[in-house]
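Colleague:
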Amino acid sequence: MNNGGGVGEGEILLRLENIFMAFGRVQALNGIDLEVRKGEIHSIIGPNGAGKTVMMNCINGLYRPQKGDIYFRGQRINRLSPHKRAELGIGRTFQKLELYGGMTVLDNIRMGSHIHLKSGILSGSVYAGRTKREEIEERNFIEEEIIDLLEIEGIRDQVAHMLPYGLQKRVELGRALALRPELILLDEPMAGLNLEEVEDMARFILDINEEERWKVTCVLVEHDMGVVMDISHRVLVLDFGNMIIDGLPQEVSENPQVIKAYLGEEDLYITRR
Amino acid sequence: MGEETEEITRDLTIPQLFYRQCKRYGSGKVAMREKEFGIWRPFTWQDYLDNVKYLCLGMVSLGLRQGDKVAMIGDNRPEGIWAEMAAMCAGAIPVWLFQDCMMDEVKYIVDHSDSRFFVGETQEEVDKALAIMPNCPKLEFVIWDDPKGMRRYHQEFLMSIKKVQELGKELDEKEPDLFGNMINEGHGENICLLFYTSGTTALPKGALLTHYNMLSMGQNLMAVDPCYDTDDFVSYLPFAWIGEQMMSISCGLQVGYTINFPEEPETAQHNIREIGPHVMFAAPRLYEGLTRQVQVKYLDSTWIKRKTYELATKIGYHVADLKFEKKPIPWYFKVLNYFAYVIMQKKLKDHLGMSRLRHAYTGGAAMGPDHFRFFHALGVNLKQIYGQTEIAGISVTHRDGDIKFDTVGTPIPETEIKITKDGEILSRSPSVFQGYYKMEEETKNTLKDGWLYSGDTGFIDEDGHLVVFDRSKDVMILNDSRPFAPQYLEARLKFSPYVQDAWVVGDKLPYVAAVMCIDYSVVGKWADEHKINYTSYPELSQDPEVYDLIQKQIEEANRGLPEPARIRKFVNLFKAFDADDDELTRTSKLRRGFMAERYKDIVDNLYKDTDTVRLDMTITYEDGRIQPIKTDLRIQEITV
């Protein structure tokens, strides 16, 4: 199912060069290189504490690496703040949900597309002309492309923190998509979900990656090896801040070092839920 | 052609009626609405006609011929009705499948019906079709309407409704008269639907119904309870259930009311409230669900609201009982009832989507008197319907002002009911079906001299009302030959909000016992409030405090019953009954025979001197996965 035609030869969308990141004496990332091409699902795996989330945080700007460069669409983005990077088209979801708990699902998602609304306070207050056009467009986009895609029609008006965990994960993805990102960082989207929910989530990720109207490039951090090997085009393996390998899923699963560092524990991760 | 209502003759076909109605209303009136992307989107009669026409011609250009069968599956949506009508217009015969059918059932029905076309809704249905194709050599084309997830499918026999409609447009340009001619060729006594019944006992049987069967039934029902073209109806129960066909096709087409489709099955309740339908027909399970919802909200609300509710229902029940007894309602109770309406009923009915409801029907299975009284106390005109697929849906119903909750009412016009010496109910009307498809033996047993042998037993009471016993055995006998009524007991148990389902046993056994299924959300909430920890249905169901809670519900149901009919022992099952495990029919009736076999260990232990039973069995998920279950269940005794 992986390696769909042409993916892998596309232009480089995101490039990390020799990234170093340390917290005190802990070397979280130790000279990591990464190239994510347009249209790929590029997974990052590794044991707990390997530096996966740190890497995500470096890409979207929550952390500033001490050394190394990050390029997005050829532009160096090291110095840009997270919201600037969001405007460039980098969206993300969080491992531990970061929804606005007291707001409805719809409002949460709308918040994600907030930066696309350009009309000012004056025209906004009379709801005419550009504001009206913009809002209608925005509404259609959210309803047709996100709520329908993620099948959350039934919970549109419910308050986010009252929802079951699996649905909150979906809403989190929905909000990230509302940004209309070119690159989306998915931090453990399947963690804590049951089998059926994992299958749904995998389907959504494939949908946003493959559907003509989305074609989002994904960087996926995930523990569920079955899912990672099934849907990724490339896999990067980290172990205590060091890169072990970056290659096709098959190469990765056959790499002896990877088996030793990570896959040997596969049973552990599979029985986790 | 009449000005207001169409005259139903033996010649008239459903497509002819459909065509006339489309021409009469044109683009000036909304034929159906679907909530999509959060907004109600209307389709006028002209849109309806265009969609059906091109879909029909498209299927014809793919090779659909008169008399072919077209299998259909999917949620309620305009495309479903279009496909059905399109097939009928071409003289083909639609065959509806329940959308949650397991693969085996789909395969059996598609193969047995000789379907050449398969119309599904989403990727899920297409996958089902692809899986059965090797085993169903007669199946040639698969059509779908929701593009989601379909990007990887490129088989030639697979196409979207839109694509088929384009083919139809091409054909229409070449042969502009074809569609009209096909409609004119039809005759009212041709077969229009092949309807597989959900048997409680054997394999599904395909009942053949004609246009005249369907239309005469609708006409006779509406002679009792007229509908108007300004009415709204919400279509959300499976198309594969005759009750839904009866409302959407038989009645809806004749009178021209607007059919509304909810956004998703999960949003149906909310969407019903938005529409506020005038007519409604559902299985008892739905009304039971609504009752439970009200009871739970009641338990949740504040003191003042609870007291208001109690006062208003007290008045409501009193007035309803007077009506049931056909006694005059004193003027002061009329005033009080209006007061109850203002302070409570109005709001509650609005929440249930019943504000504008003129007639609500329940049918398909028995409904407990408690539920029945509950709705009448709210001022909802709920009536029983009796009928079967073989008589196009309905033959008997209550009349306004003549409602007895232990009967199903009196026959609709042109319908005769007769009881044989053995108590079997026979019926005869223009709506009686033509026989079972490819099952001559069964047809002979069911259809004799124009009379339909229902297999149900019953009698006609002193007021001329029909009383129906349970499909299998309504009255069971304990081993000391004292009788009890399991279905009546189950209905009483289900009146408790904590009980989702119950199965009462005791036939030829020393006493009555019950297998209970708790309502996960309601009991779960109760457990939260009582600080009981649980992680899953099985764990919650076995909690001792939950057992005590359920025992209280059973004691409540036992109250006032004669001693032999009281439940003495019960067990909480580790799961709810499910049609996927064959425990229920697709229309949610208990399959007692099957259950007796499946849960033999439980039943045996209910009559032994033991307080646990060990279960070792398998359960089936909707996608066909099977999981073994090993568990211990507690048995609790009730002192009566």
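Quick mapping for you: the protein sequence lines, in order, are chains A and B. Converting from the first sequence to the numbering used here requires adding 6 to each position, the first position being numbered 1. Converting from the second sequence to the numbering used here requires adding 39 to each position, the first position being numbered 1. Using N, Cα and C, we set each Cβ at its ideal position, and we do this for glycine too. On a predicted model such as this, the values are computed, not experimentally measured, just so you know.
Any residues in the segment 181–206 of chain A with a beta carbon nearer than 7 angstroms to a beta carbon of chain B? Which ones, in chain order?
Modeller: Against chain B - using a Cβ distance shorter than 7 angstroms - the segment 181–206 of chain A contributes no residues.
Colleague: Under a three-way DSSP split, which group does A/H239 fall into?
Modeller: If DSSP states are grouped into helix, strand and coil, A/H239 belongs with coil.
Colleague: In the DSSP output, which residue or residues are listed as bridge partners for B/W280?
Modeller: DSSP, once it has assigned bridges, lists no residue as partnering B/W280.
Colleague: Can you pull out the residues from the segment 151–170 of chain A whose beta carbon lies closer than 9 angstroms to at least one beta carbon of chain B?
Modeller: If the cut-off is 9 angstroms between Cβ atoms, the segment 151–170 of chain A has I153, D154, L155, E157, E159, G160, I161, R162 and D163 near chain B.
Colleague: In chain B, what lies closer than 8 angstroms to A/E217 by C-beta?
Modeller: The contacting residues are R190.
Colleague: Closer than 9 angstroms by beta-carbon distance: list the chain B residues that pair up with A/E144, in chain order.
Modeller: Here the premise fails: no neighbours, minimum Cβ distance about 13 angstroms.
Colleague: Nearest by alpha-carbon distance to B/T454: which of B/A541, B/P133, B/V435 and B/V149 is it?
Modeller: Here the closest residue by C-alpha is B/V435.
Colleague: From B/M261 to B/M285, what distance separates their C-alpha atoms?
Modeller: Cα-Cα distance, rounded: 11 angstroms.
Colleague: Can you find a C-beta in chain B that's less than 8 angstroms from the C-beta of A/E149?
Modeller: Yes, its Cβ sits closer than 8 angstroms to a Cβ of chain B.
Colleague: Span of the alpha helix (DSSP H) holding A/K138?
Modeller: Note, A/K138: alpha helix (DSSP H), R136 to F147.
Colleague: Find the nearest neighbour of B/I593 within the set B/Q539, B/A618 and B/G632, judged by alpha-carbon distance.
Modeller: Ranking the options by Cα distance to B/I593, first place goes to B/Q539.
Colleague: Can B/H569 be considered in contact with the ligand ATP, in the sense that its beta carbon sits closer than 7 angstroms to one or more heavy atoms?
Modeller: Of the ligands one can find in the structure shown there are none, so the ligand ATP has no counterpart to examine.
Colleague: Measuring straight from C-alpha to C-alpha, what distance separates B/D211 and A/E140?
Modeller: Cα-Cα distance, rounded: 40 angstroms.
Colleague: CA-CA distance, B/T401 and B/I343?
Modeller: Distance between the alpha carbons of B/T401 and B/I343 is about 33 angstroms.
Colleague: Among A/V42, A/E159 and A/P195, whose alpha-carbon lies nearest the alpha-carbon of A/E17?
Modeller: Comparing Cα-Cα distances from A/E17 to each of A/V42, A/E159 and A/P195, the minimum goes to A/V42.
Colleague: Relative to the C-alpha of B/L421, which candidate in B/V203, B/F498 and B/H317 has its C-alpha closest?
Modeller: Of the listed residues, the one whose Cα sits closest to B/L421 is B/H317.
Colleague: Please return the same chain residues whose Cβ sits closer than 8 angstroms to the Cβ of A/I148, not counting the five positions on each side in sequence.
Modeller: Once the five neighbours on either side are set aside, the close Cβ partners of A/I148 are L112, I115, R116, S119 and A184.
Colleague: Ignoring anything shorter than 4 residues, give me the alpha helix (DSSP H) runs that lie fully in the segment 84–145 of chain B, in order along the chain.
Modeller: Complete alpha helix (DSSP H) runs here, min 4: 84–100 and 117–128.
Colleague: Taking Cβ-Cβ distances below 7 angstroms as the criterion, which residues of the segment 68–85 of chain B are in contact with chain A?
Modeller: The segment 68–85 of chain B vs chain A, Cβ under 7 angstroms: F76 and G77.
Colleague: Tell me whether A/M109 sits in a helix, a strand or coil according to DSSP, three-state version.
Modeller: Reduced to three states, the DSSP call for A/M109 is coil.
Colleague: When the distance is taken between beta carbons, is B/F156 closer than 8 angstroms to B/P117?
Modeller: No, the Cβ-Cβ distance between B/P117 and B/F156 is not below 8 angstroms.
Colleague: Does DSSP put B/V543 in a helix, in a strand, or in coil?
Modeller: Reduced to three states, the DSSP call for B/V543 is strand.
Colleague: One question on the structure: do B/P603 and B/F523 come within less than 8 angstroms of each other, judged by their Cβ atoms?
Modeller: Yes. Within cutoff.
Colleague: For A/V258, does the count of other Cβ atoms within 10 angstroms reach 16, so buried, or fall short, so exposed?
Modeller: Answer is buried; the Cβ neighbour count reaches 16.
Colleague: For the segment 302–314 of chain B, which residues have a CB atom closer than 9 angstroms to at least one CB atom of chain A, in sequence order?
Modeller: From the segment 302–314 of chain B, only E302, E303, P304, E305, T306 and H309 have a Cβ closer than 9 angstroms to chain A.
Colleague: Go ahead and pull the three-state DSSP assignment for A/N36.
Modeller: Correct three-state label for A/N36: strand.
Colleague: Provide the residue span of the alpha helix (DSSP H) that contains B/F508, from first to last.
Modeller: Neither: B/F508 is in no alpha helix (DSSP H) and is coded neither H nor E.
Colleague: Quick one, are the C-beta atoms of B/K608 and B/I674 less than 8 angstroms apart?
Modeller: Yes. Within cutoff.
Colleague: Kindly confirm or deny that the segment 94–113 of chain B and the segment 144–158 of chain B touch, where touching means at least three C-beta pairs closer than 8 angstroms.
Modeller: Contact holds: three or more Cβ-Cβ distances are below 8 angstroms.
Colleague: Using the Cβ count rule (16 or more neighbours within 10 Å means buried), how would you classify A/P187?
Modeller: Buried: at least 16 other Cβ atoms inside 10 Å.
Colleague: Does the segment 49–63 of chain A come into contact with the segment 145–161 of chain A, if we say contact requires no fewer than three beta-carbon pairs (one atom in each stretch) closer than 8 angstroms?
Modeller: They do not touch, by the three-pair rule.
Colleague: Whose C-beta lies closer than 7 angstroms to the C-beta of B/L292 among residues of the same chain, with five residues either side of it excluded?
Modeller: The residues are I53, L56, F57 and Q60.
Colleague: Excluding the five sequence neighbours on either side, which residues of its own chain have a C-beta within less than 7 angstroms of the C-beta of B/M221, listed in chain order?
Modeller: So the qualifying residues of the chain are C128, A129 and G130.
Colleague: Starting from the C-beta of B/R653, find all residues in its chain whose C-beta is less than 6 angstroms away, skip the five residues before and the five after it, and write them out in chain order.
Modeller: Cβ within range, chain order: D671.
Colleague: Could you pull the start and end residues of the alpha helix (DSSP H) that B/D216 belongs to?
Modeller: No alpha helix (DSSP H) holds B/D216; DSSP gives it neither H nor E.
Colleague: Return helix, strand or coil for B/M383, following the three-state DSSP convention.
Modeller: Looking at B/M383 - three-state DSSP - the assignment turns out to be helix.
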